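Inspection log for the structure reproduced underneath, given as structure tokens.
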Amino acid sequence: MSGRVKLTNILMRQKRQKLKPTTLHIPKRWNIVRGDTVQVIDRKHPEYKKQGTVLAVLRDKNRVIVQDLNMGPKRIKGDAEKGLKGQTIMVERSIHYSNVNLVDPVTGFPTKVIYSFLEDGTKVRISKRSGAIIPKPDILKQKSVRSSITSEDSDTMDEDVVWGSTYEKRVSKWEDMRRELLKTLEEKGVDVESSSSRAGAKS
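In my numbering, the protein residues as written are 1 to 203.
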């Protein structure tokens with residue numbers, strides 16, 4: 001086998017390896033939710049052994065965003081019209097969910113969890129390290145309050161306003177053209193009714 005053929009095979013083998021699809025591991029159950037305290041357990045990660053509160057859970061990407069961890073620069077564009085200058089700020093970058101674990105509320109160390117049920121049927125997370133219950137954060141129970149604008153003066157107090165007709169029928173442009181044509185024919189002395197009846201008899 002010539003050197004050129006060997007080189008071609010090596011190049012083709014490298015391309016074949018690059019085209020292999022990467023399998024995305026999807027967890028069967030998400031043990032981490034927004035508001036949990038987690039710790040980075042990956043030894044190769046620069047934030048190893050650091051703890052923080054989960055700000056967001058990106059389930060479609062299998063990643064989480066932890067407060068004040070894995071910080072990175074982000075450029076914000078300026079707006080000349082508003083007089084704002086562009087600046088660079090530090091924001092939290094996402095971390096893969098497999099690189100963090102829940103923190104045991106008793107020992108303060110990272111732990112895996114199992115699920116169990118209380119006497120009233122409530123499903124809870126239990127720490128494997130200490131056996132303590134890890135409750136869901138209170139932030140999940142809070143509902144977003146929507147701002148509502150109320151007015152003391154109501155326009156619907158009067159019965160005439162309530163039951164009054166507010167629909168205005170619009171006349172199409174074809175109806176206006178038809179009326180103008182009929183008016184022109186009447187001015188010329190053409191009998192519209194007789195001409196229409198004749199046309200119907202011929203058809």
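All C-beta atoms, glycine included, are put in the ideal place defined by N, C-alpha and C.
All values derive from a computational prediction rather than experimental measurement.
Asked	Found
Taking only the alpha-carbon atoms, compute the straight-line gap between Lys206 and Pro73 and give it to the nearest angstrom.	Outside the shown range of the chain, which is 1 to 203, sits residue 206, and nothing can be said about it.
Roughly how many angstroms lie between the CA atoms of Val38 and Ile76, to the nearest whole one?	29 Å
CA-CA distance, Ile32 and Tyr48?	18 Å
In this structure, what does DSSP give as the bridge partners for Asp79?	Leu84
Compute the Euclidean distance between the alpha carbons of Asp68 and Val5, then round it to the nearest angstrom.	54 Å
Among Ile95, Lys82, Met71, Glu81, which has the Cα closest to the Cα of Thr88?	Met71
Drop a sphere of 10 angstroms on the beta-carbon of Leu181, count the other beta-carbons inside from all chains shown, and report buried for 16 or more, exposed for fewer.	exposed
Counting C-beta neighbours from all protein chains within 10 Å, is the total for Asn99 16 or more, i.e. buried, or is it exposed?	buried
So Pro208 and Tyr97 are in contact, right, with Cβ under 8 Å, and what is the actual spacing, rounded?	In the structure displayed, the chain extends from 1 to 203; residue 208 sits before or after that span and is not available.
In three-state DSSP terms, what is Tyr48?	coil
Judging by CA-CA distance, which residue of Thr53, Arg178, Glu186 is the nearest neighbour of Val103?	Thr53
Report the option in Asp120, Gly131, Lys85 whose CA atom is closest to the CA atom of Val106.	Gly131
Given a threshold of 16 other Cβ atoms within 10 Å of its Cβ, counted over all protein chains shown, does Asp60 qualify as buried or as exposed?	exposed
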